[in-house]
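Take a look at the structure set out below.
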Amino acid sequence: MNKLSQNRIYMLIIIFVGALSLTAAIVYAPLEKLNFQFLVLCCFAIGLSSRMTLEIPRFKSHIAVSDTFVFLALLSYGGEFAVLLAAAEAFFSSWRFCNKKITVFFNTAVLALSTTIAVFALKTFDLYTESQLHGRDGNWSEFVMVLSVMALAQFAVNTTLCSIYHALKSEMPFWETWKTKYVWTFITYVVGALGAGILLQFGDRIGFGIVIATFPVIYLVYLSYRMYMKNVEMSIAQAEQAESHARVLEGQSRALAESEERFRSAFNYAPIGIALVSPDGNWLKVNNALSEIFGYAEEEFLARDFQSMIHEEDLGLALIKLHELLSGKVPASQAERRFVHKSGAIVWVSWSVSRVAAGIAAETERPNLIFQIQDITDKKLAEEQLKYKATHDALTDLPNRALFMTRLEQALDKIKKYPTYKVSVLFIDLDRFKIVNDSLGHQIGDELLIGIAGRLRDCLRPSDLVARLGGDEFTILVEGRYDTAEVVRIAERINEKFALPFDLSGHEVFSSASIGILHAAENHRTPADMMRDADTAMYQAKRGGKARHEVFDRDMHVAVKETLQLETDLRHAVEKQQFEVFYQPIYTLSDGKLEGFEALARWEHETLGVISPAKFIPLAEEIGLIDHFGEQILRCACEQGQQLKAILPAGEPLSLSVNLSVKQFANAALVKNIEKILRETAFDARNLRLEITETVFLEQGERAVEMLHELRQIGVEINIDDFGTGYSNLNYLTRLPITTLKIDRSFIAPIEASGKNTEILQTIVMLARNLGMRVIAEGVETEAQLEQLKKLNCEAAQGYYFAKPMSFADAKNFLTKKSQDIEPATAEDSARSFNGVSLLPMVQ
């Protein structure tokens, strides 16, 4: 059951009990006592006295005059009439102030019930005789007892019933409700009982008229007292208001003091720097954090202005922004600025500046500024480190491609603004760097790159920029107003520096570089244009023989376009197998017999005609087609070699020499692929001679040594081609299964009939003999050369003196018709055999 239901049931119970009390009073009322005087008393009690209540100041209680008349009725006419008067007065009073009927009946029942119990109390204490009720016969003590019991009983019952009602309604404890709301009403019952006793005594001695006469007097006293009480209440209210206002002011003052203290504490101990600055820039107040940021004590701050502490490069922009703030153009200013620490170090800060009112001042007065400053030096350093790492090479600490391209773009923009401004790029590619990496290891290679970076820096002007693009490629940016010859001198200084040995972990390493130089022209509008043509000049330098430089010109651009077209055509030619194999005879000088052929690749372009092997073979190596191309030539030579050998008498030997590119040794499957070709073409491995150049040992190292041993194990002979023109290493010559040294044509051409210029030949022949190798001379074109070779006991030779390279069809005819004896080829024979076409052998 909820509280509302409990309260309603309680009210109904009291109404029922009160109704019983009221009914009993009506039934047992002594009607013989009813007179006109009682009716007058009822009229005054109900009509006037119920409206006359006096509030007791500072207490939630009133003195009601009606209580006096109820008590007077009890003393004069008995308890029954008192119950009826109390109920009637309560009903009309409640009806005037309350809209709820149940509440009206409840209040009526409470007064009826409390008056009934008061009567019962008097009867219980045997104080209900007429003499006791009127205080006759000098019985004043009992009269006082009557008044006391009457007041106390009425008070106890009335307040108890009302307290129970309010306790149920507000869910407060009964005792707490009674103490708070009703304990102070006791005085009203005491005053009411005393007033009734006094009126009764006056009435008994003077007459009922005196009671009637007291009503106007009481009413006037009531009005005077009400006016007085209103004045007292106003005074009390004013005093309370003043006291309340004083408390408010005191609270505000205390709150303001606390707020100021909190602000002062927050200002002084804030984690970020805070300062009050005058419009002129003088520090007015600073906190502890700001002192820590800049290293100055507060007194030192106040003796300076912020202009003297901000970095000179940031001062101008800072003053402009602060002027906009002071002039009201912007409400606040945020920025990142550099200040100078007391120690001289740079301090990066993030500041937020706003205006602050300077108190009560004229509108024209310039406001102060409040600075909020946060130290972001660590953040800036971290950002700079990240930016540095993003724009610099981790190994050499040089600028990387991204930074170089950005600087190059900025330099090209300056050309558009300043006609006399120049921009040049040096594109640097290290020669044979891969050999160092593969032979000495990547750690030595990295050390070499670091050393290269250091020497490149030494070759530059202070304004120049050197960068590492990646791998073994570097670039240099030269810009400004300079003589273009100075750029060439930079390239020369670079190779001079590189010519000095590098000491790398105990290894003495030499290096060189191919350098392409480009001077920006009108057609170089973007960094990509510059890099493209500088790269072209670099490759032109590399093709020219390493350790050199080339300055880009328009002809190079045309050549690059032609090379790109030739590259495309070469891919198609390999795909469609458009190459031919030509054959140049090799003769044994001791008996003049043909011992074999050298197979040479030839390409006749559809529009360009015959393309030199010196042009298309390096291109095939460069674009990664050399493996496919080399296997294609080997397979064709083996197939056709079988047919050529079939022309000779049974058992007649015929060897076939085929060139291998150095790049082919990078393919781990090279030996297996050669074995497969020999197996599929049924060509005898013992008749195959693979020709390699000396650089294979430098570029491929131990890998090439292992492969050559594997080839020798299956019967293939190994020849060193163009011996004496490249990298010679006697250690490799003694370790490798080499059968023949082929002397380059450059050593044969100078030979004269008198025998001059044969010293190098003698050395080579003697070296080969000591190593157990044969010697074949290339490029023999005169009889004098042949005679000198015979005198030197050279085993074999080939060249135009014997026969030019010939097609497969011509080679078959040659074997069919040609004698095996050494016999110079006449012009008529050459023209008949080779159709007058002069072709070059394959070069490596």
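With the working numbering as the guide, the letters of the sequence shown map in order to residues 4 to 847. Idealized CB from N, CA, C, for every residue including glycine. Please read all numbers here as calculations on a predicted model, not as lab measurements.
{"Item": "Hey, quick one: how far does the beta strand (DSSP E) through residue 276 stretch, first residue to last?", "Value": "276-280"}
{"Item": "If we count the other Cβ atoms within 10 Å of its Cβ and call it buried at 16 or more, is residue 374 buried or exposed?", "Value": "buried"}
{"Item": "To test your reading of the DSSP string, which unbroken alpha helix (DSSP H) runs of 4 or more residues are found completely within the segment 625-649?", "Value": "none"}
{"Item": "For residue 852, tell me which candidate among 20, 665, 162 and 646 has the shortest Cα-Cα distance.", "Value": "Residue numbering for the chain in the displayed model covers 4 to 847; residue 852 lies beyond these limits and cannot be assessed."}
{"Item": "Of the choices 379, 165 and 359, whose alpha-carbon is the least far from that of residue 182?", "Value": "165"}
{"Item": "With respect to the beta strand (DSSP E) encompassing residue 313, which residues constitute its N-terminal and C-terminal limits?", "Value": "Per DSSP, residue 313 belongs to no beta strand (DSSP E) and is neither H nor E."}
{"Item": "Would you call residue 177 buried or exposed, if buried means 16 or more other Cβ atoms sit within 10 Å of its Cβ?", "Value": "exposed"}
{"Item": "Return the CA-CA distance between residue 736 and residue 639, expressed in angstroms with no decimal places.", "Value": "30 Å"}
{"Item": "So, does the segment 504-523 touch the segment 537-545, judging by three or more C-beta pairs under 8 Å?", "Value": "yes"}
{"Item": "For the segment 436-451 against the segment 344-363, are there 3 or more C-beta pairs whose distance is under 8 Å?", "Value": "no"}
{"Item": "Where does the unbroken beta strand (DSSP E) through residue 511 begin, and where does it stop?", "Value": "510-512"}
{"Item": "Kindly provide the ranges of any beta strand (DSSP E) runs that are 3 or more residues long and lie completely inside the segment 664-710, ordered along the chain.", "Value": "691-695"}
{"Item": "With H, G and I counted as helix, E and B as strand and the rest as coil, what does DSSP make of residue 498?", "Value": "helix"}
{"Item": "DSSP state of residue 363, grouped into three classes?", "Value": "Residue placement at residue 363 is flagged as unreliable, the pLDDT there being 41, under the threshold of 50; a coordinate-derived value is accordingly withheld."}
{"Item": "Consult DSSP for residue 448 and reduce its assignment to one of helix, strand or coil.", "Value": "helix"}
{"Item": "CB residue 473 to CB residue 376, shorter than 7 Å?", "Value": "no"}
{"Item": "Quick one: grab the DSSP three-state call for residue 587.", "Value": "strand"}
{"Item": "Can you check whether the CB of residue 116 is closer than 7 Å to the CB of residue 851?", "Value": "Coverage of the chain is limited to positions 4 through 847, which leaves residue 851 absent and any answer about it impossible."}
{"Item": "Please work out which residues of its chain come closer than 8 Å, Cβ to Cβ, to residue 9, disregarding the five sequence neighbours upstream and downstream, and give them in chain order.", "Value": "171"}
{"Item": "Measure the Cβ-Cβ separation of residue 352 and residue 372 and say whether it is below 7 Å.", "Value": "no"}
{"Item": "Tell me whether the beta-carbon of residue 667 lies closer than 7 Å to the beta-carbon of residue 808.", "Value": "no"}
{"Item": "For residue 745, does the three-state DSSP call read helix, strand or coil?", "Value": "strand"}
{"Item": "Rounded to the nearest angstrom, what separates residue 567 and residue 615 at their Cα positions?", "Value": "16 Å"}
{"Item": "My output table needs one value for residue 149: the three-state DSSP class, helix, strand or coil.", "Value": "helix"}
{"Item": "Tell me whether residue 833 sits in a helix, a strand or coil according to DSSP, three-state version.", "Value": "Summary for residue 833: the model assigns pLDDT 39, below 50, so the residue's position carries little reliability; its value from the coordinates is reported in the next sentence. Here residue 833 sits in helix by DSSP."}
{"Item": "Rounded to a whole number of angstroms, what is the C-alpha to C-alpha distance between residue 609 and residue 576?", "Value": "10 Å"}
{"Item": "Rounded to the nearest angstrom, what separates residue 591 and residue 778 at their Cα positions?", "Value": "10 Å"}
{"Item": "If I'm right that residue 738 touches residue 782 with Cβ under 8 Å, what's the distance once you round it to whole angstroms?", "Value": "Going by Cβ atoms, the distance from residue 738 to residue 782 rounds to 28 Å, so no, they are not a contact pair."}
{"Item": "In chain order, what residues of the same chain have a beta carbon less than 7 Å from the beta carbon of residue 18, not counting five sequence neighbours either side?", "Value": "108, 109 and 112"}
{"Item": "Is residue 555 helix, strand or coil by DSSP?", "Value": "coil"}
{"Item": "What are the boundary residues of the alpha helix (DSSP H) that residue 605 is part of?", "Value": "No alpha helix (DSSP H) contains residue 605, which is instead part of the beta strand (DSSP E) from 597-608."}
{"Item": "Counting beta carbon pairs with one atom in the segment 440-455 and one in the segment 711-724, are three or more of them shorter than 8 Å?", "Value": "no"}
{"Item": "Find out if the Cβ-Cβ distance for the pair residue 378, residue 455 is shorter than 7 Å.", "Value": "no"}
{"Item": "For residue 61, count neighbouring C-beta atoms within 10 Å of its own C-beta (all shown protein chains included) and say buried if the count is 16 or more, exposed if not.", "Value": "Low confidence applies here, because residue 61 scores a pLDDT of 48, under 50, leaving its location unreliable; read the following figure in that light. Residue 61 comes out exposed."}
{"Item": "Among the residues of its own chain, which have a CB less than 8 Å from the CB of residue 407, if the five just before and after it don't count?", "Value": "468, 470, 472, 478 and 480"}
{"Item": "Cα separation between residue 126 and residue 135?", "Value": "11 Å"}
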